[in-house]
Each structure stands twice: as C-alpha cells, then as structure tokens.
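Asks: I have a structure here, written as structure tokens, and I will follow up with some questions on it.
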Amino acid sequence: MKQVIIIGNGIAGITAARHIRKKSDYHITIVSSETKYFFSRTALMYVFMGHIKFEHTQPYENWFWKKNRIDLIQAHVQKVEIASKTLILDNNSSISYDDLIIATGSKPNKFGWPGQDLKGVMGMYSKQDLDEITHYAKDCKRAVIVGGGLIGIEMAEMFASKNIPVTFLVRETSFWNKVLPAQESEMINKHIKEHHIDLLLDTNLIEILSDEYGRAKAVVTDKGETIPCNLVGLTAGVSPNVSFLKDSGIQLDKGVLVNRYLETNIPNIYAIGDCAQQQSAIGERRPIEAVWYTGRMMGETVARTICGTPTKYNPGHWFNSAKFFDIEYQTYGWITAEPKENEARFYWEHTDSKKCLHFNFDKNSKRFIGINTLGIRLRHQLFDKWLTEEKSIEYVLEHLKDANFDPEFYKQYENEIVAKFNIENGTSLKAKKKSWKRIFQTS
Amino acid sequence: MKAIKNVGYLLTFLGFAFFIGSVFTGTHKVTTATYESWIQSKNIKSEYFINHTQKAIVDKEISTWELSHIILNQAKASNQYQKSQTKTDWNKIIHLKWNKTSKDFIYPLARASVIGWYSNNISLWFFMTFGLAIIGGLMVFIPDYKLLGPAGIKNNGIFQHSATNRGIIGFITAFFFMAFYVLLYFFPNYIINPILSVNGISHFLSGNDASQWFLYGVMYCSVMTVFAVRMFIKYRHNSYQLLRTTVVLFFQIAFGFLIPEILVAFNKPWFDFKNAWPLNYTFFFDYNINNLINSGHLGIFMLVWGIALTAIIVPIMVYFYGKRWYCSWVCGCGGLAETLGDPYRQLSDKSLLSWKIERWLIHGVLVFATSMTALTLYVYFAHIESWKVIAFGISAYDVQTWYGFFIGSIFSGVIGTGFYPIMGNRVWCRFGCPLAAYLGFVQRFKSKFRITTNGGQCISCGNCSTYCEQGIDVRAYAQKGQNIVRSSCVGCGICSAVCPRGVLKLENGSNTDASRTQVNDILLGNDMDLLNMTKKNS
C-alpha cells in the first residue's frame with residue numbers, strides 16, 4: 001500500500017490528508033512537532049482573549065484521526081533524503097514514504113534587528129508563540145507591536161482586550177496601505193485609535209533594548225524615540241518555513257518551488273500551502289500566498305493528483321477577508337491600493353465611518369473588477385459568479401441587494417450607494433429588489 | 001464606571017442575601033379559624049393528628065421549620081397509630097409523599113398563617129429584594145456600554161472567568177439555581193417570606209394573594225428584563241439581536257405574565273396564549289379541559305386556540321421562518337435562556353456523542369409526552385376516572401404525575417435552568433423540550449430556513465461552534481461550504497454575530513428541498529476543471 005507522508009498539520013496538510021482518505025486507502029501519516037492534533041491557527045488570538053479555549057480551535061474531535069486511519073507523529077523532521085525516500089526525525093527515528101507532501105507553513109519574519117531574540121520578543125504564528133505571549137503578557141506594562149499587517153492588528157486587539165497599553169509601529173504612512181486604498185486604510189487608522197492604541201505611522205524599529213535579565217525593556221524607533229515596554233510583537237510578515245530542506249535537493253527559492261500540479265523538481269514530492277512557491281505567478285496572485293483558503297485549496301488539489309487524477313492548481317477569483325478590531329473586511333476580485341491605468345473607482349462611505357464599499361471597474365468597458373467592503377457583509381458566491389460572467393459595474397450596483405449578506409433587520413444602504421454612483425457618473429441606475437431566483441441561479 | 005459596576009454587584013448581592021436570608025426567618029401564628037379551615041380543606045379525619053397538632057401550633061408563634069416539622073412528624077405518627085389499630089381506618093390515613101406533602105399539605109397552612117416584619121412591610125421588603133437586585137443588576141450591566149469599548153463582539157475573558165467557565169462561581173450559581181427550583185416546586189412552604197415580597201404586585205394585578213408561581217413569574221420577568229438590558233448593550237451593533245431580545249421579552253411579560261394575571265382578575269382561567277402543547281403538557285388534562293369548557297366563550301376560544309397553535313400555527317410558521325420564531329422569539333423558556341442564559345451559552349457540549357444523546361433524549365421525551373397525552377384523552381373521552389388503574393397497575397393519573405415530576409419539574413426546571421452554568425443555557429431546549437423536537441422535524445424536513453454559509457470565507461476559527469447554545473458544530477458545516485439545517489437550531493443568530501469573517505447568515509430562502517444543504521464537491525474558489533475530471537474518472 002502506498003505510503004503518503006505529510007509534513008505539517010496545518011490547514012493545507014490536513015485538507016490533503018482528508019481528501020486522500022476520501023479517495024483512497026493509502027497509508028497516511030502526518031508529521032508535526034507543533035501539536036499532536038490539527039488546530040486552526042487563525043483562532044489563536046481568540047484563545048488569548050478568552051473567547052474560546054484551545055480545544056475549540058480543533059475542528060475535529062480527537063477520535064477522528066484514528067477512525068479515518070490517519071497516523072499522527074509528533075516530531076520534527078530534520079532531513080529529507082530523497083535518494084532513499086526517507087525522513088529523518090528529531091527523535092532519531094526515520095520513516096520512508098512513497099509520496100511526500102511538504103506543508104510546513106510559514107515562520108514570522110525577523111529582519112536582523114538588534115535584540116530580536118530577547119525574552120519577551122515574539123511573533124504570532126504557532127501554538128508555541130501563543131504560549132509564550134500568554135506567559136509574558138502576565139506582567140506586561142506596555143506592548144510594542146512592529147509591523148502593520150493583519151497579524152499586527154490582531155496582536156494589538158489581543159493586548160487591548162487585556163487592558164495592556166499598546167504602541168503600534170507601522171512602517172507605512174497609513175495602516176496596510178500597500179494593500180488597502182487610502183480611504184479604507186484611513187478608516188482603519190481611525191478605528192485603531194478609537195481603541196486607544198498608540199498608532200505610530202511611518203515609524204521603523206531600530207533596536208530592542210534588554211534589561212539585566214535578558215528581557216526586552218524598551219524599543220528605539222527611527223524617530224529617535226525610546227518606548228519602554230516589556231513585550232514586543234514582531235509581525236512584519238511571514239516567510240516559508242523551509243530551511244530544513246536546504247541541502248535536500250528539492251528546489252527552493254523563498255519557498256519550495258512547484259509547478260501548477262504542485263509538484264516539486266523531485267518526483268513524488270509535492271508542496272502545498274504557505275511554504276509552496278509557484279514557479280510563475282497565477283494571474284495576479286502572488287507566487288507565495290500565505291492565506292488560509294489557498295492552503296485548503298492546494299490540499300484538495302494535491303489529493304486528487306496523488307490519488308490518480310492529476311489536477312492543476314487553479315485558484316479562481318481572488319477573495320479574502322479579515323477583521324480589524326470591530327470592523328469586518330471582505331474583498332472579491334481585485335482592487336489594489338492605487339488604481340491602474342484602465343481602472344475607475346467608486347467609493348461610498350457611511351457617515352459613521354465604520355462602513356464603506358469601494359468598487360473597481362474598467363474605465364472604458366465598465367467591466368466590474370473588484371470590491372472592498374468594510375462593515376457590510378457580501379455574498380461570495382454572487383461576486384464569484386459576476387466576476388466570471390464579467391458583469392458591468394452597473395449590473396453589480398443594480399443587483400447589489402442580492403449580494404447583501406448582513407444579518408436580517410440590518411439597515412441596508414444599496415439605494416443610497418446607487419444614488420451616489422448616479423450623481424458621480426451621470427447614470428440613472430436603480431437598485432433592484434432582492435430576488436431569491438437570481439441568487440440561486442447557478443449559471 | 002468600574003465603581004458603579006462594583007456598587008451594582010454589592011447591591012445585587014445584598015438583594016439576594018436578604019431574599020435568601022428571609023427563608024430562615026419565617027414566623028407563623030396559626031389562629032383557630034385558619035387551623036379549622038385548613039383541617040377541613042385537607043379533609044383530615046385523624047383525631048390523633050388533630051389532637052397532637054392543634055395543641056402544638058395553634059396560637060403559638062413558631063418558625064416555618066418548626067411548623068413544617070410538627071405537621072410532618074405528627075402526620076407520620078398518626079399514620080403509624082392508625083395502622084397499629086386492630087382495624088385500620090383508611091379514611092384517617094394522611095397520604096404522604098416527599099414531593100407533594102410540603103407543597104400540597106403544609107404550604108397552604110403556612111401561607112395563611114405567616115406573620116412578622118415581612119408581612120407588615122411589603123413595599124420596603126419588595127425594595128430590599130427585587131428593588132436592590134434590579135437596580136444593582138442594571139448598575140452592573142449599563143457601565144459595559146463604556147467599559148467594553150466600541151460596539152462589537154467582546155467575549156473577552158469568558159473562558160478565563162470562574163463564573164462562565166465552570167469555575168467555583170459557576171458551580172455555586174448552579175447550586176443556587178437548583179436549590180431555588182427544588183424549593184419552588186417541592187417545598188414552597190419555606191419560601192413564603194420571598195413570596196410576600198411580591199404580594200403587593202399580586203394584589204394590584206389580580207386582587208389575589210401571591211403564590212409561589214406568582215413569585216416565580218415576577219422573578220422571571222425581572223431577571224429577563226435586567227439581562228435583556230445586558231443584551232441590548234452587548235449586541236447594540238446587531239439589529240437582529242436587538243429586535244429578537246425585545247420581542248422575546250415582550251412575549252414573556254405580556255403573554256407569559258400580565259395577560260394571564262389580568263384574566264384571573266376578571267375571573268377567567270389563567271391562560272398563556274403562546275404556550276403550545278406539548279411544552280404545555282397539562283393542556284389536555286381533564287381539569288384544564290373542563291375548566292376551559294366551563295369558562296364561556298373565552299374558554300372555548302382558548303381551547304380551540306391551543307389546539308390550532310400546535311396543529312396549524314406552529315408548523316406553518318416553522319415552514320416559513322424556521323423554529324426560531326418560537327424558540328428564540330416567543331417562548332418563555334427560550335426567553336430566559338437568551339437573556340439570563342446568554343453568559344453561559346459557550347458551555348454547551350459540541351461532541352458527536354452529545355448529539356447522539358440529545359437525539360435519544362429529546363425524541364424520547366416527545367414520545368413520552370405524546371403517549372401520556374393520548375392516554376389522558378382516552379380516559380377523558382371514555383369517561384374513565386383518571387385515578388383508575390388501566391393496565392399493569394398504572395392509572396392515567398400515575399403517568400401524568402410521573403411526567404410532571406420527571407419532565408415538567410426536574411428536567412425543565414431543576415436541571416434545565418439549574419445546569420445553565422455547567423452545560424449551557426439550552427439544556428432543556430436541547431435535550432428535553434418535546435415541542436422543540438416537534439418543531440425540529442418540520443425545520444429539518446420542510447422549511448425555508450437555513451443558515452447560509454458564505455462560499456469559501458470560513459477560516460475554521462470555531463467561534464460559531466463555541467457560542468452555539470444548542471451544541472451544533474456549526475464550523476463543521478461552514479468549513480465545507482455547506483448550509484446549516486439542523487433540527488435543533490433555534491436561530492438565535494449568535495453564530496452569525498460572532499463570526500469574524502462574515503460567513504454565516506440566517507435566512508428564509510425560497511427553496512425547501514435538499515438543495516438547502518447541498519455540498520459542493522469542491523469549495524468555492526478552487527476552479528478545478530470539472531468537465532475534464534469527470535471524463536478521466538469515468
């Protein structure tokens with residue numbers, strides 16, 4: 001029987017295992033040193049905040065793995081020997097594979113800052129990081145977070161929930177403005193400050209100072225400021241966790257290089273999830289996508305290939321979501337921070353500064369390209385369909401009520417939004433009544 | 001703000017301390033008239049009992065405990081005496097049973113003979129208990145408006161606090177809840193002073209003395225109101241929660257409390273128009289049917305309404321809106337669970353095992369309720385006295401009594417509410433309520449209701465499952481991209497509220513068939529070439 005070994009028990013590896021089990025009788029083994037059972041990394045912040053317990057982050061009960069004949073080995077892979085198709089583990093044992101899936105995820109970036117390895121300085125990625133943060137947060141007088149991305153703002157929310165004062169160092173001139181257009185970015189700036197976070201924009205970390213016990217006691221910024229603190233969160237992005245493969249013969253760049261079938265240069269070795277790097281980017285997507293759902297999709301895809309149906313990894317229209325403190329964010333299609341040459345934008349913001357929609361469309365053809373939404377939920381399935389069918393911005397606005405996904409009885413703003421568009425563009429569109437028939441129409 | 005909150009805690013505890021303390025300080029003075037009318041109403045024939053009790057209690061100031069003990073002990077002694085006679089006179093035997101004697105036998109005398117400070121200071125006493133607890137409760141919750149920061153989901157520290165994570169405070173709370181229900185259902189003779197605190201309101205509403213059920217009604221409405229204020233603050237950004245909480249509170253206060261009391265004031269039967277059989281298991285009991293039939297046009301209307309509610313209104317409404325319209329918008333049990341119980345919702349068990357247990361238990365109770373009612377109606381229409389043995393030495397009355405004791409009192413009250421801080425706020429609704437089981441069938445098999453999953457946005461964080469009071473593993477569906485249609489879902493909407501990615505939406509779609517829960521082979525976003533794949537597979 002074929003032996004499939006998966007390194008890493010994150011969403012990519014686990015999805016692959018589950019789908020291989022659905023389609024085959026292969027012997028499946030998952031190796032991970034982080035935890036025995038799969039958990040949802042995205043939920044670690046909620047464990048810290050006391051919204052849930054660690055066990056709630058585990059989507060499958062502990063009996064699930066034995067019942068589905070998925071073996072779990074809690075160990076760290078030291079080395080992959082491709083000639084003998086063997087893995088060397090840190091407990092000095094070795095196991096051999098027929099097919100190997102590398103799904104080792106990411107690790108937090110550290111850019112060689114002085115003091116970056118002090119006690120009380122950590123990223124926010126693994127279960128071990130969470131344990132460490134929990135430990136150092138107990139006597140924390142002030143926390144400094146370095147890096148203005150999604151993990152940074154989550155970390156800020158974590159500490160704020162414990163009434164720990166937070167200073168948030170962001171290199172850019174506005175929060176996440178490499179991704180978000182100026183309006184959305186500014187809205188989040190305001191919201192961060194509303195939560196009493198000390199937001200320092202356009203500020204870089206120079207050095208972390210140590211106390212006599214080797215624990216962080218302050219950070220120094222490029223503005224010459226020294227900020228006393230005894231906890232430092234480093235959240236300047238993540239990069240593939242692949243250093244253990246350095247001399248294995250598997251081709252690496254930043255991540256493990258794979259083709260569209262998620263195959264590496266070595267037969268029978270595949271890489272999926274955060275650690276995989278596409279040889280050439282797919283569409284406008286980046287070659288490395290450290291996103292929850294792409295890990296899951298790669299897992300689904302590689303399972304088909306391994307089970308005898310070679311399948312290309314073919315992610316559909318870009319979508320994503322996040323939550324910035326109390327403001328939910330969703331995006332469908334593409335809307336970059338700066339409009340491209342052929343693009344026109346339409347922006348609507350509610351007077352409460354907590355809700356907005358930002359549409360991106362083609363200047364000439366009026367084709368709808370993408371949307372950002374803050375504070376209003378939208379229906380993924382409809383936007384996916386509209387993008388596929390290359391609907392026009394007018395069509396999208398006229399049918400916007402179909403796409404509203406806010407809970408019932410929420411105030412709806414489609415008429416107001418369409419009215420604003422009409423004024424700006426000299427059109428006379430009307431938002432159509434919501435239609436179940438259209439929503440359920442599959443093609 | 002913090003200070004206001006702390007003072008609020010203090011006032012609440014004080015209110016409860018007075019309330020609980022009064023249980024131990026009841027005094028009674030039984031007058032000859034009270035005593036004689038009691039002997040008569042209880043149809044007591046034993047001279048032994050009368051001789052021994054009259055001397056000991058009439059015109060004496062004694063505590064509730066003494067009074068209860070004297071009556072109970074003398075009743076036992078009297079029975080022993082009667083049985084020791086060469087020929088036992090069964091008319092003189094006093095029927096004793098632990099769960100009935102106190103409430104049916106001792107309570108009426110104790111209630112009629114209560115004296116002391118409490119009965120002379122009704123208004124002050126109301127203020128010292130309900131007044132302090134309500135004011136204190138509001139002072140605890142209202143500062144959250146500022147303390148919790150901007151509106152949003154703020155479940156901070158819930159699993160790190162003893163009260164909401166099965167800590168010592170949780171267990172103490174559970175003990176008090178259970179103790180209260182045990183006293184309320186089985187030993188109301190010990191809570192006469194608490195009952196006196198609402199005597200004034202009862203006189204105002206219906207003109208009658210307050211009973212233990214009236215006390216329960218006032219407590220129920222007060223607790224729901226204070227905790228509804230908590231909900232209004234906690235979910236002030238969420239219109240669904242605001243509206244739902246308002247409506248469920250309205251139905252409890254108007255239909256569960258005021259209207260029945262006003263009906264009584266006009267000499268009409270006490271009737272809760274929203275309480276549907278089989279949750280309202282006494283609806284078809286002979287005394288209720290007779291009572292309604294003998295209450296004129298209104299009584300007949302109530303009878304027809306009650307039947308129509310169960311047979312027509314409930315299933316039609318579930319078809320259109322799911323069972324949520326009843327369970328979390330109208331029902332009294334649901335109302336308490338959604339207000340007082342909200343801080344405990346995360347404690348429901350989500351394991352597959354608990355789902356199995358749930359299905360056996362709740363459907364078992366439905367079968368029990370249905371067969372008990374069938375038997376009741378059979379003896380009613382066959383004109384058989386309900387105490388007459390039908391088969392296996394069992395009468396219809398026996399079956400009714402068992403149901404009332406095990407399901408009506410122990411399961412729905414003592415366990416159903418008592419276990420809030422241990423097993424979550426829907427223990428009764430999830431494991432026991434026969435009406436919920438009935439509505440569940442309709443919801444599962446023929447309804448427009450579902451919780452729609454938003455394509456591929458789920459990140460499997462588990463907030464939805466954790467905060468599902470019914471123990472549904474919502475995430476298991478959401479991460480597959482499958483809509484959630486579960487018979488147990490009461491549509492409280494909290495899964496949707498706590499979702500950080502906007503994945504869940506409760507809605508009544510246009511389709512009612514299997515397409516409600518269709519799972520796609522591939523999750524949205526992964527554009528595999530399906531046509532090509534089918535070719536290769538075949």
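So the protein sequences, as listed, match chains A and B. Residue 1 is where the first sequence starts when you use full-length UniProt numbering, and the numbers rise one by one after that. Residue 1 is where the second sequence starts when you use full-length UniProt numbering, and the numbers rise one by one after that. Every residue gets a Cβ at the ideal spot worked out from N, C-alpha and C, and that includes glycine.
Let me know if Ser435(A) comes out buried or exposed under the rule of 16 or more other beta-carbons within 10 Å of its beta-carbon.
Replies: So Ser435(A) ends up on the exposed side.
Asks: If I follow the unbroken alpha helix (DSSP H) through Thr12(B), where does it start and stop?
Replies: Start and end: Lys2 to Gly21.
Asks: Taking the Cβ atom as the reference point for each residue, do Gln330(A) and Leu397(A) lie within a distance shorter than 8 angstroms?
Replies: No, these two residues do not count as a Cβ contact at 8 angstroms.
Asks: Within the UniProt domain "4Fe-4S ferredoxin-type" (480–509) of chain B, note down every full beta strand (DSSP E) run reaching 3 residues or more, in order along the chain.
Replies: Within the UniProt domain "4Fe-4S ferredoxin-type" (480–509) of chain B, the complete beta strand (DSSP E) runs of at least 3 residues are 504–508.
Asks: Excluding five sequence neighbours on each side, which residues of the same chain lie with their C-beta closer than 8 angstroms to the C-beta of Leu262(A)?
Replies: Taken in chain order, the residues that qualify are Tyr270, Ala271, Ile272, Ala276, Met298, Thr301, Val302, Thr305 and Tyr313.
Asks: Going along the chain, which residues of its own chain have a beta-carbon closer than 8 angstroms to the beta-carbon of Arg475(B), five neighbours each way excluded?
Replies: Around Arg475(B): Cys458, Ser460, Cys461, Gly462, Cys464 and Ser465.
Asks: Within 8 angstroms of any Cβ in chain B, is that where the Cβ of Asp362(A) sits?
Replies: Cβ-Cβ to chain B under 8 angstroms: no for Asp362(A).
Asks: For Gln482(B), decide whether its Cβ has a neighbour in chain A, counting only Cβ atoms nearer than 8 angstroms.
Replies: No, Gln482(B) does not count as interfacial toward chain A.
Asks: Does Ser113(B) have its Cβ less than 8 angstroms from a Cβ in chain A?
Replies: It does not; no Cβ of chain A falls within 8 angstroms.
Asks: Take the Cβ of Gly416(B) as the centre, count every other Cβ of all protein chains shown within 10 Å, and call the residue buried at 16 or more, exposed below.
Replies: It is buried - the Cβ of Gly416(B) has at least 16 other Cβ atoms within 10 Å.
Asks: On the three-state DSSP scale, how would you describe Asp362(A)?
Replies: Asp362(A): strand per DSSP, three-state reduction.
Asks: Using 8 angstroms as the threshold, is the segment 68–83 of chain A in touch with the segment 21–31 of chain A, meaning 3 or more CB pairs across them?
Replies: In short, these stretches touch, since the Cβ pair count reaches three.
Asks: Does the beta-carbon distance from residue 540(B) to Leu361(B) come in below 8 angstroms?
Replies: Summary: the structure shown does not reach residue 540(B), with chain B confined to residues 1 through 538, and so no result is reported for it.
Asks: Could you tell me the boundaries of the alpha helix (DSSP H) in which residue 454(A) lies?
Replies: This structure does not reach residue 454(A), given that chain A is present from 1 up to 443, and the question cannot be answered.
Asks: With C-beta atoms as the reference, is Thr226(A) less than 8 angstroms away from Thr203(A)?
Replies: Not a contact, by the Cβ cut-off of 8 angstroms.
Asks: Over what stretch of residues does the alpha helix (DSSP H) that includes Gly334(B) continue unbroken?
Replies: Counting along the chain, the alpha helix (DSSP H) containing Gly334(B) begins and ends at Gly332 to Thr339.
Asks: Would Leu524(B) pass as a contact of Gly471(B) if the rule is Cβ separation under 8 angstroms?
Replies: Not a contact, by the Cβ cut-off of 8 angstroms.
Asks: Is the beta carbon of Lys110(A) less than 8 angstroms from the beta carbon of Leu234(A)?
Replies: Yes, Cβ-Cβ distance for Lys110(A) and Leu234(A) is below 8 angstroms.
Asks: Taking a cut of 7 angstroms between CB atoms, which residues from the segment 155–172 of chain B lie near chain A?
Replies: From the segment 155–172 of chain B, only Asn155, Asn156, Gly157, Ile158, Phe159 and Gln160 have a Cβ closer than 7 angstroms to chain A.
Asks: Could you check the C-alpha separation between Gly308(A) and Leu100(A) for me, to the nearest Å?
Replies: For Gly308(A) and Leu100(A), the distance between alpha carbons rounds to 15 angstroms.
Asks: Flag this pair as touching only if the segment 241–261 of chain A and the segment 152–168 of chain A have three or more C-beta atom pairs under 8 angstroms; answer yes or no.
Replies: Taking 8 angstroms as the limit for Cβ pairs, the verdict is that the segment 152–168 of chain A does not touch the segment 241–261 of chain A.
Asks: Measuring only the C-alpha atoms, how far is Phe250(B) from Glu34(A)?
Replies: Computed Cα separation, rounded: 51 angstroms.
Asks: Cβ of Cys468(B) within 8 angstroms of Cβ of Ser348(B)?
Replies: Yes. Within cutoff.
Asks: Hey, is the segment 139–158 of chain B in contact with the segment 228–244 of chain B, meaning 3+ C-beta pairs nearer than 8 angstroms?
Replies: As far as the Cβ criterion goes, the segment 139–158 of chain B touches the segment 228–244 of chain B, which means the pair count is three or higher.
Asks: Where does Asp342(B) fall in DSSP's three states?
Replies: Three-state result, Asp342(B): helix.
Asks: Given that a residue counts as buried once 16 or more other Cβ atoms are within 10 Å of its Cβ, and exposed if not, what is Val248(B)?
Replies: So Val248(B) ends up on the buried side.
Asks: Could you check what DSSP says for Gln74(B) in three-state terms: helix, strand or coil?
Replies: In this structure, Gln74(B) counts as helix in the three-state DSSP scheme.
Asks: How many angstroms separate the CA atom of Ser123(B) from the CA atom of Ile262(B)?
Replies: If you take the alpha carbons of Ser123(B) and Ile262(B), they lie about 21 angstroms apart.
Asks: Which residues in chain A sit within 7 angstroms of Leu352(B), going by Cβ to Cβ distance?
Replies: Within 7 angstroms Cβ-Cβ: Glu61.
Asks: Taking buried to mean at least 16 other C-beta atoms within 10 Å of its own C-beta, is Pro240(A) buried or exposed?
Replies: So Pro240(A) counts as buried.
Asks: Would you identify the three-state DSSP class for Cys327(B), choosing helix, strand or coil?
Replies: Reduced to three states, the DSSP call for Cys327(B) is helix.
Asks: Once the 5 residues before and after Asn526(B) are set aside, which same chain residues still bring their CB inside 8 angstroms of it?
Replies: Excluding positions up to five away in sequence, the list reads Gly456.
Asks: Within 10 angstroms of its Cβ, does Ile312(B) collect 16 or more other Cβ (buried), or is it exposed?
Replies: Classification for Ile312(B): exposed.
Asks: Would you report the Cα separation of Cys140(A) and Lys5(B), rounded to the nearest angstrom?
Replies: Whole-angstrom Cα-Cα distance: 25 angstroms.
Asks: Compute the Euclidean distance between the alpha carbons of Ala337(A) and Arg345(A), then round it to the nearest angstrom.
Replies: Rounded to the nearest angstrom, the two C-alpha atoms are 11 angstroms apart.
Asks: Just checking: is the beta-carbon of Arg171(A) within a distance shorter than 8 angstroms of some beta-carbon in chain B?
Replies: No, Arg171(A) does not count as interfacial toward chain B.
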